[in-house]
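Colleague: Residue numbers (this note's numbering): 61 to 509.
Pasting a structure below so you can have a look.
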């Protein structure tokens with residue numbers, strides 16, 4: 061193709077500006093876009109932020125692959141691909157309609173206050189709908205909404221994977237994932253985001269899911285860890301023997317991927333990009349999200365230097381993630397200073413939270429319970445510091461309700477699996493490694509053979 065001359069390029073400028081001019085013609089007298097333009101922009105926000113959250117699946121996979129031993133790496137990667145695939149199918153089959161009984165945005169305005177959605181598969185809008193049909197849907201395309209919400213469901217399952225690494229059988233874990241993503245996560249999510257009783261009766265505020273997503277994964281992981289038991293050799297004679305991961309560069313890469321994906325996680329939860337105010341708010345959310353992560357990492361770095369006389373990279377990585385989890389419940393209303401405070405406290409929580417679990421002999425391979433459960437609870441309470449609409453009981457009581465529901469049901473499912481097909485590999489298989497015993501495939505064959 062010939063290069064365009066300068067004069068030709070200048071001649072094309074009016075043509076390039078035509079779409080913008082057309083869009084400008086759709087703006088109303090108050091400076092707000094026409095309704096179907098907002099529909100387009102909202103759907104675009106969901107899709108872009110949705111694939112950012114999807115990229116978090118890669119972050120979880122890399123983080124966990126780096127924090128497990130070489131002999132368990134392939135199994136961990138397999139679990140992450142499997143759980144996302146199962147979550148995608150189960151959320152379509154059952155979960156989406158349990159969260160939103162009518163499959164659209166009217167739930168919570170007309171039929172809110174309930175305890176359970178409807179059973180049925182998710183149904184997308186017809187191919188090539190027109191503006192009139194888009195106005196009927198009103199808010200955003202069903203496809204973009206389903207895609208975005210699915211990513212949150214899969215994230216909750218990813219949290220469980222890391223905690224139970226290195227000693228759990230593959231298929232029982234995947235069966236639990238199916239139950240979590242089809243039933244446990246969607247039911248409790250409907251209580252808040254589907255306009256259920258936590259939203260309508262308690263005024264519960266959880267912007268992007270410190271409780272609805274992250275603590276759910278943490279509670280499910282805690283129930284599994286208690287029943288599964290610790291890895292062989294982790295706790296002996298009243299002492300804790302740390303088991304180091306195989307690849308800290310990979311774990312660091314995973315953390316940065318999660319950090320990137322979190323901009324979609326929190327920014328997309330604004331749920332709108334159709335006005336100047338929404339666009340400014342999404343920008344504010346991005347900035348606060350980044351500040352909280354930075355504060356969590358920096359705090360963990362300083363704290364480990366003081367406590368251990370040396371910086372612990374794994375705790376620094378988890379400090380960044382704890383800061384992200386903490387700000388997730390309310391990333392919009394804080395100032396940058398308050399985002400720093402909220403994220404920094406998250407970093408403190410994760411350092412002491414891991415030591416607390418070790419004192420109870422609860423083995424969490426990647427530190428997911430302190431990051432997602434403990435920091436998630438803190439972030440939900442911290443909403444009170446910046447959002448004047450939050451109430452103490454409105455934040456505290458839902459934390460206990462969601463926690464009790466998820467922990468009890470998860471414990472029951474794990475117990476049923478343990479009593480039937482078993483959930484833990486044999487001690488011999490654990491020593492050999494799950495890659496050999498479960499899959500017969502090494503991640504690093506040049507080194508392990």
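Beta carbons: idealized from backbone N, C-alpha and C, even for Gly.
These numbers were taken from a predicted model, which means no experiment stands behind them.
What does the Cβ neighbour count give for residue 527, buried or exposed, with the cut at 16 atoms within 10 Å?
Modeller: What the structure shows of the chain is the stretch from 61 to 509, and residue 527 is not part of that stretch, so it cannot be assessed.
Colleague: Using DSSP with H/G/I as helix, E/B as strand and the rest coil, what is residue 296?
Modeller: Residue 296: strand per DSSP, three-state reduction.
Colleague: Scan the segment 214-261 and note each continuous alpha helix (DSSP H) run of 4 residues or more that stays entirely inside, going in chain order.
Modeller: As far as the segment 214-261 is concerned, its whole alpha helix (DSSP H) runs of at least 4 residues are 230-239, 245-252 and 257-260.
Colleague: For the alpha helix (DSSP H) containing residue 350, name the first residue and the last one.
Modeller: Start and end: 336-368.
Colleague: Using 8 Å as the threshold, is the segment 296-304 in touch with the segment 394-413, meaning 3 or more CB pairs across them?
Modeller: With the cut-off at 8 Å, the segment 296-304 and the segment 394-413 do not touch.
Colleague: Does the segment 281-298 come close enough to the segment 104-114 to have 3 or more Cβ pairs within less than 8 Å?
Modeller: Because the criterion of three Cβ pairs below 8 Å is not met, the segment 281-298 and the segment 104-114 do not touch.
Colleague: I'd like to confirm the pairing. Which residues does DSSP put opposite residue 484 in its beta bridges?
Modeller: Answer is 228.
Colleague: Using only CA atoms, which one of 476, 439 and 255 lies nearest to residue 405?
Modeller: Considering only alpha carbons, the answer is 439.
Colleague: What's the gap between the Cα of residue 321 and the Cα of residue 211?
Modeller: Residue 321 and residue 211: Cα-Cα distance of roughly 11 Å.
Colleague: Considering only their Cβ atoms, is the gap separating residue 392 from residue 208 smaller than 8 Å?
Modeller: Not a contact, by the Cβ cut-off of 8 Å.
Colleague: Beta carbon of residue 113, beta carbon of residue 403: below 8 Å?
Modeller: No, the pair does not count as a contact, with Cβ atoms beyond the cut-off.
Colleague: For the alpha helix (DSSP H) containing residue 326, list its first residue and its last residue.
Modeller: First-last of the alpha helix (DSSP H) with residue 326: 308-327.
Colleague: On the premise that residue 213 lies in contact with residue 241, defined as a C-beta separation below 8 Å, what is that separation, rounded to the nearest angstrom?
Modeller: Contact flag correct, Cβ pair sits at about 5 Å.
Colleague: Report the option in 140, 205, 310 and 458 whose CA atom is closest to the CA atom of residue 328.
Modeller: Nearest C-alpha to residue 328: 205.
Colleague: If distances are taken between C-alpha atoms only, which option among 124, 308 and 338 comes closest to residue 105?
Modeller: Nearest C-alpha to residue 105: 338.
Colleague: Grouping DSSP H, G and I as helix and E and B as strand, with all else coil, what is residue 443?
Modeller: Residue 443: helix per DSSP, three-state reduction.
Colleague: State buried or exposed for residue 135, treating a residue as buried only when at least 16 other CB atoms are found within 10 Å of its CB.
Modeller: It is buried - the Cβ of residue 135 has at least 16 other Cβ atoms within 10 Å.
Colleague: Residues in the same chain with beta-carbon distance under 7 Å from residue 279, minus the five sequence neighbours each way, listed in chain order, please.
Modeller: Around residue 279: 433, 463, 466, 467 and 470.
Colleague: Look up residue 280 in the DSSP assignment and say whether it is helix, strand or coil.
Modeller: Looking at residue 280 - three-state DSSP - the assignment turns out to be helix.
Colleague: Could you tell me if residue 149 is buried or exposed, where buried requires 16 or more neighbouring beta carbons within 10 angstroms of its beta carbon?
Modeller: Exposed, by the Cβ-count rule.
Colleague: Quick check on residue 232: buried or exposed, where buried means 16 or more other Cβ atoms within 10 Å of its Cβ?
Modeller: Under this definition residue 232 is a buried residue.
Colleague: From this set, 289, 319 and 429, which residue's C-alpha is nearest residue 353's C-alpha?
Modeller: Considering only alpha carbons, the answer is 319.
Colleague: Look at residue 156 and residue 254 and say whether their C-beta atoms are less than 8 Å apart.
Modeller: Cβ atoms of residue 156 and residue 254: not closer than 8 Å.
Colleague: Quick check: what's the CA-CA separation for residue 252 versus residue 452?
Modeller: Straight-line Cα distance between these residues: approximately 16 Å.
Colleague: Specify the secondary structure class of residue 395 as computed by DSSP and reduced to three states.
Modeller: Reduced to three states, the DSSP call for residue 395 is coil.
Colleague: For residue 276 versus residue 245, is the C-beta spacing smaller than 8 Å?
Modeller: Closer than 8 Å, so yes.
Colleague: Ends of the alpha helix (DSSP H) at residue 149?
Modeller: It spans 133-150 - the alpha helix (DSSP H) in which residue 149 sits, taken as one unbroken run.
Colleague: So what does DSSP say about residue 267, is it helix, strand or coil?
Modeller: Residue state, collapsed to three classes: coil.
Colleague: Is the distance from the Cβ of residue 125 to the Cβ of residue 307 below 8 Å?
Modeller: Yes, the pair counts as a contact, with Cβ atoms nearer than the cut-off.
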